[in-house]
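Q: My questions all concern the structure below.
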Amino acid sequence: MIPNNTLKNVYLNRTTAFLPNTPVGNDAIEAVLGMAGELPSRVRRMILRSNGIQTRHYAIDPDSRRATHTNAELAAEAVRRLFAQGIKPEDITSLSCATSYPDQTMPGHGVMVHGLLEMPSCEVLSMAGVCAAGMAAMKHAYNAVRTGEHAHAVAVASENASAVMRGEVFQHETDHKKLENASPEIGFEKDFLRWMLSDGAGAAYLSDRPNSDGLSLKIRWIELLSYANEMPPCMYAGAEFRDGVFEGWKHADPEYSRRHSLMVVKQDVKLLNENIVRYTVEKPLAQIAAKHGIRADEIDWFLPHYSSGFFRDRLSDGLKNIGFEIPQEKWFTNLYTKGNTGSASIYIILEEFMRTFPLERGQKVLCYVPESGRFSTCFMLLEAV
Numbered sequence: 412m413i414p415n416n417t418l419k420n421v422y423l424n425r426t427t428a429f430l431p432n433t434p435v436g437n438d439a440i441e442a443v444l445g446m447a448g449e450l451p452s453r454v455r456r457m458i459l460r461s462n463g464i465q466t467r468h469y470a471i472d473p474d475s476r477r478a479t480h481t482n483a484e485l486a487a488e489a490v491r492r493l494f495a496q497g498i499k500p501e502d503i504t505s506l507s508c509a510t511s512y513p514d515q516t517m518p519g520h521g522v523m524v525h526g527l528l529e530m531p532s533c534e535v536l537s538m539a540g541v542c543a544a545g546m547a548a549m550k551h552a553y554n555a556v557r558t559g560e561h562a563h564a565v566a567v568a569s570e571n572a573s574a575v576m577r578g579e580v581f582q583h584e585t586d587h588k589k590l591e592n593a594s595p596e597i598g599f600e601k602d603f604l605r606w607m608l609s610d611g612a613g614a615a616y617l618s619d620r621p622n623s624d625g626l627s628l629k630i631r632w633i634e635l636l637s638y639a640n641e642m643p644p645c646m647y648a649g650a651e652f653r654d655g656v657f658e659g660w661k662h663a664d665p666e667y668s669r670r671h672s673l674m675v676v677k678q679d680v681k682l683l684n685e686n687i688v689r690y691t692v693e694k695p696l697a698q699i700a701a702k703h704g705i706r707a708d709e710i711d712w713f714l715p716h717y718s719s720g721f722f723r724d725r726l727s728d729g730l731k732n733i734g735f736e737i738p739q740e741k742w743f744t745n746l747y748t749k750g751n752t753g754s755a756s757i758y759i760i761l762e763e764f765m766r767t768f769p770l771e772r773g774q775k776v777l778c779y780v781p782e783s784g785r786f787s788t789c790f791m792l793l794e795a796v
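For our numbering, count along the sequence shown from 1 and bump the result up by 411.
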């Protein structure tokens, strides 16, 4: 273990966001994504009322319905925007990249992003997971600088969810149902996420020294916790529960995989609703607050990434239940205008927050990123300096 007196302070100095194409309103989603089974979704309006999202972005041209960006291209564009702010590519010696669903199983997502950037050879890592993967990338960048191994690091998270939500992705499944004289509707666990997820990327530049002009956010700590030892998978892709057994795509019959759209993202909504607050807020934050000796009244701003407006009041109740109530007037999210971009969401939230909010030195910002993949969570405490 490295002694504390040799560890460096780490500062989050720059953030960027990249959201592809023009915003897509609720009435235009199905025209952009396409209908599954050539039928309008029966749950779309209900899900959109619940999540409260008004606009989001897709890496799809709305006229031709062709993809405009790969996942790696979204991430690379977010990093380029850091360089456009004056960050020198040759200074970056550590690049950590996160996503829920990379463009390919191999090579790693990180090296595909690095390959698109005009920057020298450097340390590159690929972080897998769902929403918390973005914070895993942030924590690696933080530790890389904190230990003194690197003076400058970049973390980037990106999502290209639309690539597996387009109507044609479900063609084999809906065609097979028609052959069986069944309604060509996809299951709720798949259709639900088509109206929840969208595309985007964000990047953060971390250094061992603060900005020479303007404020920086000093990273006080980052805590990641998994409860996979207690909970089953809840959100997954490339796998399925069959007869109570969780089976991955490598062991599934190819024809079965096509008929059941095995590679698309699925969500056990009942499991999510019953457990998300307990396992991503109540249990972990009580433990983390005790570990670091923090109180709710010390928090000036709260930046939560929640997947749906449905969870806002439930999150507030969870904070109250553990004696860590943060008034909602201290909260900031851009879910309703930027959409739920998974692992990239906290970066996109931070970018707008740092650009638009009147932060003062000494103010503390608590970030919260839950993950329902198999119930993980992350909290990060920042201080304006």
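Backbone N, C-alpha and C fix where the C-beta goes; we use that ideal spot for every residue, glycine too.
In or out: Asp474 buried (at least 16 other Cβ within 10 Å) or exposed?
A: Here the question's residue 474 lines up with position 63 in the sequence shown. Classification for Asp474: exposed.
Q: Which of the three DSSP states, helix, strand or coil, is assigned to Gly729?
A: For the purposes of this step, residue 729 is identified with residue 318 of the sequence shown, where counting begins at 1. Looking at Gly729 - three-state DSSP - the assignment turns out to be helix.
Q: Let me know if Thr417 comes out buried or exposed under the rule of 16 or more other beta-carbons within 10 Å of its beta-carbon.
A: Working through the sequence shown from its first residue, we reach residue 417 at position 6. It counts as exposed.
Q: At the level of alpha carbons, what is the spacing between Met576 and Trp712?
A: Here residue 576 corresponds to residue number 165 of the sequence shown, with the count starting at 1. Here residue 712 corresponds to residue number 301 of the sequence shown, with the count starting at 1. C-alpha separation (whole angstroms): 34 Å.
Q: In the structure shown, what three-state DSSP assignment does His563 receive?
A: Your numbering for residue 563 matches position 152 in the sequence shown. His563: strand per DSSP, three-state reduction.
Q: Look at the alpha carbon of Arg460 and the alpha carbon of Phe721, and state the distance between them as a whole number of angstroms.
A: Stepping through the sequence shown from its first residue, residue 460 is reached at position 49. Stepping through the sequence shown from its first residue, residue 721 is reached at position 310. Their Cα atoms are separated by approximately 9 Å.
Q: So for Met549, helix, strand or coil by DSSP?
A: For the purposes of this step, residue 549 is taken as the residue at position 138 of the sequence shown. In the structure shown, Met549 sits in a helix (DSSP, three-state: H, G or I).
Q: Shortest alpha-carbon distance to Glu584 belongs to which of Ile630, His551 and Pro665?
A: Residue numbering aside, residue 584 sits at position 173 when the sequence shown is read from its first letter. Nearest option by C-alpha distance: Pro665.
Q: Closest to Ala447 by CA distance: which of Phe603, Tyr638 and Trp632 is it?
A: Here the question's residue 447 lines up with position 36 in the sequence shown. Residue Phe603 is the option with its Cα nearest to Ala447.
Q: Given Glu658, which residues of its chain have a CB within under 8 Å of its CB, disregarding the five upstream and five downstream residues?
A: The residue you call residue 658 lines up with position 247 of the sequence shown. Correct list, in chain order: Ala650, Glu651 and Phe652.
Q: Quick check: what's the CA-CA separation for Ala486 versus Ala614?
A: Here residue 486 is taken as the residue at index 75 of the sequence shown, counted from 1. Here residue 614 is taken as the residue at index 203 of the sequence shown, counted from 1. Taking the straight line from one Cα to the other gives about 8 Å.
Q: Report the residue from Ala574, Gly734, His716 and Gly729 whose alpha carbon sits nearest the alpha carbon of Asp472.
A: The sequence position of residue 472 within the sequence shown is 61, counting from 1. Minimum Cα distance to Asp472 is reached at Ala574.
Q: Is there contact here, the stretch 746-765 with the stretch 608-627, by at least three beta-carbon pairs under 8 Å?
A: Yes: the two stretches touch, three or more of their Cβ pairs being nearer than 8 Å.
Q: Do the stretch 540-554 and the stretch 486-503 make contact, defined as three or more Cβ pairs closer than 8 Å?
A: Short answer: they don't touch.
Q: What residues in its chain sit with their C-beta under 6 Å from that of Thr466, if we drop five residues either side in the sequence?
A: In the sequence shown, the residue the question calls residue 466 occupies position 55. Counting only Cβ-Cβ distances below 6 Å, and skipping sequence neighbours, we find Pro434, Gly436 and Thr748.
Q: Just grab the DSSP bridge partners of Asn751 for me.
A: Taking the sequence shown and counting its residues from 1, one reaches residue 751 at position 340. According to DSSP, Asn751 bridges with Leu608.
Q: I need the straight-line Cα distance from Met538 to Cys778, nearest angstrom please.
A: By 1-based counting over the sequence shown, the position of residue 538 is 127. By 1-based counting over the sequence shown, the position of residue 778 is 367. So the two alpha carbons sit approximately 19 Å from each other.
Q: Inspect the CB distances between the stretch 507-527 and the stretch 634-641 and report whether three or more fall short of 8 Å.
A: No, the stretch 507-527 is not in contact with the stretch 634-641.
Q: Thinking just about the alpha-carbon of each residue, which of Thr691, Glu570, Ala663 and Gln774 is nearest to the one in Glu641?
A: Taking the first residue of the sequence shown as position 1, residue 641 is located at position 230. The candidate whose alpha carbon is nearest that of Glu641 is Thr691.
Q: Quick check on Tyr422: does DSSP put it in helix, strand or coil?
A: Translated into positions along the sequence shown, residue 422 becomes position 11. If DSSP states are grouped into helix, strand and coil, Tyr422 belongs with the strands.
Q: Express the C-alpha separation of His716 and Cys542 in angstroms, rounding to a whole number.
A: For the purposes of this step, residue 542 is taken as the residue at position 131 of the sequence shown. For the purposes of this step, residue 716 is taken as the residue at position 305 of the sequence shown. Cα-Cα distance, rounded: 9 Å.
Q: Classify Met457 as buried or exposed, calling it buried when 16 or more other Cβ atoms lie within 10 Å of its own Cβ.
A: Position 46 of the sequence shown, counting from 1, holds the residue named residue 457. With fewer than 16 Cβ atoms within 10 Å of its Cβ, Met457 is classed as exposed.
Q: Hey, how far is the Cα of Phe743 from the Cα of Phe768?
A: Locating residue 743 in the sequence shown gives position 332, counting from the first residue. Locating residue 768 in the sequence shown gives position 357, counting from the first residue. Approximately 10 Å between the Cα atoms of the pair.
Q: So, is Leu450 buried or exposed, given that buried needs 16 or more other C-beta atoms within 10 angstroms?
A: Taking the first residue of the sequence shown as position 1, residue 450 is located at position 39. The residue is exposed, with fewer than 16 neighbouring Cβ atoms inside 10 Å.
Q: If I follow the unbroken beta strand (DSSP E) through Val780, where does it start and stop?
A: If you number the sequence shown from 1, residue 780 lands on position 369. That run of the beta strand (DSSP E) goes Lys775 to Glu782.
Q: Compute the distance between the beta-carbons of Ala648 and Met607, then report whether it is under 8 Å.
A: What you label residue 648 is simply residue 237 of the sequence shown in a count that begins at 1. What you label residue 607 is simply residue 196 of the sequence shown in a count that begins at 1. Taking 8 Å as the Cβ cut-off, Ala648 and Met607 do not qualify as a contacting pair.
Q: Against chain C, does Thr427 count as a neighbour if the rule is that its beta carbon must be under 8 Å from one of theirs?
A: Looking at the structure shown, chain C is missing, and only one protein chain is on hand.
Q: What separation, rounded to the nearest whole angstrom, lies between the Cα atoms of Glu740 and Tyr667?
A: Looking up residue 740 in the sequence shown gives position 329. Looking up residue 667 in the sequence shown gives position 256. Answer to the nearest angstrom: the Cα atoms are 49 Å apart.
Q: Between Val565 and Leu493, how many whole angstroms is the CB-CB distance? I'm expecting something under 8 Å.
A: Locating residue 565 in the sequence shown gives position 154, where the first residue counts as 1. Locating residue 493 in the sequence shown gives position 82, where the first residue counts as 1. With 8 Å as the limit, Val565 and Leu493 qualify as a contact, their Cβ atoms being about 6 Å apart.
Q: At what residues does the beta strand (DSSP E) containing Val443 begin and finish?
A: Translated into positions along the sequence shown, residue 443 becomes position 32. Here Val443 belongs to no beta strand (DSSP E); instead the alpha helix (DSSP H) covers Ile440 to Leu444.
Q: Taking the straight line between their C-alpha atoms, what separation do you get for Gln698 and Pro781?
A: Within the sequence shown, residue 698 is the residue found at index 287, counting from 1. Within the sequence shown, residue 781 is the residue found at index 370, counting from 1. Cα to Cα, the separation comes out at about 15 Å.
Q: Use the C-beta contact count for Ala701: other C-beta atoms within 10 angstroms, 16 or more gives buried, fewer gives exposed.
A: Here residue 701 corresponds to residue number 290 of the sequence shown, with the count starting at 1. So Ala701 counts as exposed.
Q: For Tyr512, which of helix, strand or coil comes out of DSSP?
A: Reading the sequence shown from its first residue, position 101 is the one you call residue 512. In the structure shown, Tyr512 sits in coil (DSSP, three-state: anything other than H, G, I, E or B).
Q: So, is Gln496 buried or exposed, given that buried needs 16 or more other C-beta atoms within 10 angstroms?
A: Position 85 of the sequence shown holds residue 496. Classification of Gln496: exposed, given that the 10 Å Cβ count is below 16.
Q: When the Cα atoms are used, what is the spatial distance from Glu771 to Asp654?
A: Indexing the sequence shown from 1 puts residue 771 at position 360. Indexing the sequence shown from 1 puts residue 654 at position 243. C-alpha separation (whole angstroms): 55 Å.
Q: Quick one: what's got a C-beta closer than 8 Å to Leu714's C-beta in the same chain, skipping five residues either side?
A: Position 303 of the sequence shown holds residue 714. Same-chain partners within the cutoff: Trp742, Phe743, Thr744, Ile757, Ile760, Leu761, Phe764, Val776, Leu777, Cys778 and Tyr779.
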